[in-house]
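Inspection log for the structure reproduced underneath, given as structure tokens.
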Amino acid sequence: MAWEADKHLKALYFDLCVRRLKDYYSKTNPLGAYKKIRNYLLKRNFTHRQYSGYHSEYKTTDLEIFDQVLKMSGEMPWLPLCLNHFEVTDVGPDYDLMHLFEKPFSDPDTSS
1 MAWEADKHLK ALYFDLCVRR LKDYYSKTNP LGAYKKIRNY LLKRNFTHRQ YSGYHSEYKT
61 TDLEIFDQVL KMSGEMPWLP LCLNHFEVTD VGPDYDLMHL FEKPFSDPDT SS
């Protein structure tokens, strides 16, 4: 039986150096790089979460994510030169804690 890698929802987080974006991407619109990355990831079934965070809408392997990131880097040669960091992690079933805030609670100032 062939080995098969586990598939999970993935989260990507990155940070770009604006100073280097001015040198390698655009002097007049360095922050346009964020929009270019956003468009790239949205077209590949990621959702924008916040700031530079994206979640996959499908379960995938680390290897498939690595391949996708390398393809993105090939289409955006300035990207590796401008990155401070780029992270990937599995999104578990309990990453969203909003359900903890659904139960009403009493105001500590009014209870005795």
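Residue numbers for the sequence shown, in our numbering: 1 to 112.
Heads up, the beta-carbon is just placed ideally off N, CA and C, and yes, glycines get one too.
Using three-state DSSP, classify residue i as helix, strand or coil.
i: LYS7; result: coil
i: GLU87; result: strand
i: ARG19; result: helix
i: TYR13; result: strand
i: ARG44; result: coil
i: TYR58; result: coil
i: GLY92; result: coil
Hey, how far is the Cα of residue i from the Cα of residue j?
i: ASP15; j: LEU100; result: 29 angstroms
i: GLN68; j: LEU31; result: 22 angstroms
i: ASP120; j: PHE66; result: The first residue shown for the chain is 1 and the last is 112, placing residue 120 beyond what the model contains.
i: TYR25; j: TYR40; result: 16 angstroms
i: THR61; j: LEU70; result: 14 angstroms
i: LYS27; j: GLU102; result: 46 angstroms
i: MET98; j: CYS17; result: 32 angstroms
i: HIS8; j: LYS59; result: 4 angstroms
i: SER52; j: ASP23; result: 20 angstroms
i: GLN50; j: GLY74; result: 25 angstroms
Excluding five sequence neighbours on each side, which residues of the same chain lie with their C-beta closer than 7 angstroms to the C-beta of residue i?
i: HIS85; result: PHE14, ASP15
i: ARG38; result: HIS48
Report yes if the CB atom of residue i is closer than 8 angstroms to the CB atom of residue j, and no otherwise.
i: MET76; j: LYS36; result: yes
i: PHE46; j: GLU64; result: no
For residue i, collect the residues of the same chain with a Cβ closer than 6 angstroms to its Cβ; drop the 5 residues on either side in sequence, then sort them by chain order.
i: ALA11; result: HIS55, THR89, VAL91
i: GLU87; result: TYR13
Leaving aside the five residues before and after residue i along the sequence, list all residues of the same chain whose C-beta is less than 8 angstroms from its C-beta, in chain order.
i: LEU21; result: PRO30, LEU31, ALA33, TRP78, CYS82
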